[in-house]
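Per this note's numbering, the sequence shown starts with residue 1105, numbered consecutively.
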Amino acid sequence: MNKPEFTLYGWNTPNGQKIILALEEVAANYQYQPIDISQGEQHTAAFKRLSPDGKIPALIHSAEPEITLFESGAILLYLAHLYPAIHGSNTLERVQVMSWTFWQIGQLGPLAGQFGRFHAITPINTPAIHHFEQLVWRCLDVLENRLSESTFLAAEHFTVADITSFTWVTSNQSYLQKYNIAWREKCPSIVRWSDTILEKPSARKALGL
Ligand SMILES: N[C@@H](CCC(=O)N[C@@H](CS)C(=O)NCC(=O)O)C(=O)O
């Protein structure tokens, strides 16, 4: 087998799963290097040379020159640039890809992350949990409205913009699943979108299904 073109440094969390999904979707030749964040492997000097904030995922592309990326949104937009099949097919769609990708990185990801964090720490801070739960629902409303008028988030076909939000909503490792946010009962368009993506072998592999 040829030397893998990509090395993905990841872990089994929604941000790590995003990049597996993208690489599988385009049938890229990649190897997976687990970084066990439960054991603190993200804090080593060697890993921080790849990802300065000590967070997965990071990606090396064995190109000339070699390219190293951190931040899942940057990695996904880079892969979209390399593989047009998971990008928008014209300028209007490509700017939508950027907008929805940045939206997940700036809104859904951090807000769902804080929602999960406040569930997991003691002493229980009920106002904080309610605060972030409301903000998660606000994000779900944004997704639901968009998906009630568009097959996928950025275009009528699947792009990296869908990948960013999909794992955060659907994965068993998502805080929305762990802490019982009942989006399946309340958001029919998100259900339609999520179930469509779940049919993809790339998505099933990324989510370990
Ligand atoms: N904005 C970053 C967030 C990355 C992130 O939060 N990764 C988590 C796992 S999902 C992590 O590495 N956590 C370990 C830590 O914070 O020490 C991205 O989208 O890549």
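The beta-carbon is built from N, C-alpha and C at its ideal position, and this holds for glycine as well.
Under the three-state reduction of DSSP output, G1158 falls in the coil class, being neither helix nor strand. Looking from the CA of W1241, the closest CA among K1107, V1273, H1191 belongs to V1273. Per the C-alpha coordinates, the member of I1294, H1165, H1185 positioned closest to V1199 is H1185. In the DSSP assignment, L1173 falls within the unbroken beta strand (DSSP E) covering 1171-1174. Of the heavy atoms belonging to ligand 1, at least one sits nearer than 6 Å to the Cβ of K1159. Annotated three-state conformation of F1270 is helix, per DSSP.
Between the alpha carbons of S1254 and T1148 lies a gap of roughly 43 Å.
The C-beta distance from I1190 to L1181 rounds to 10 Å, too long to meet the 8 Å contact threshold. Here DSSP, grouped into helix, strand and coil, assigns F1110 to strand.
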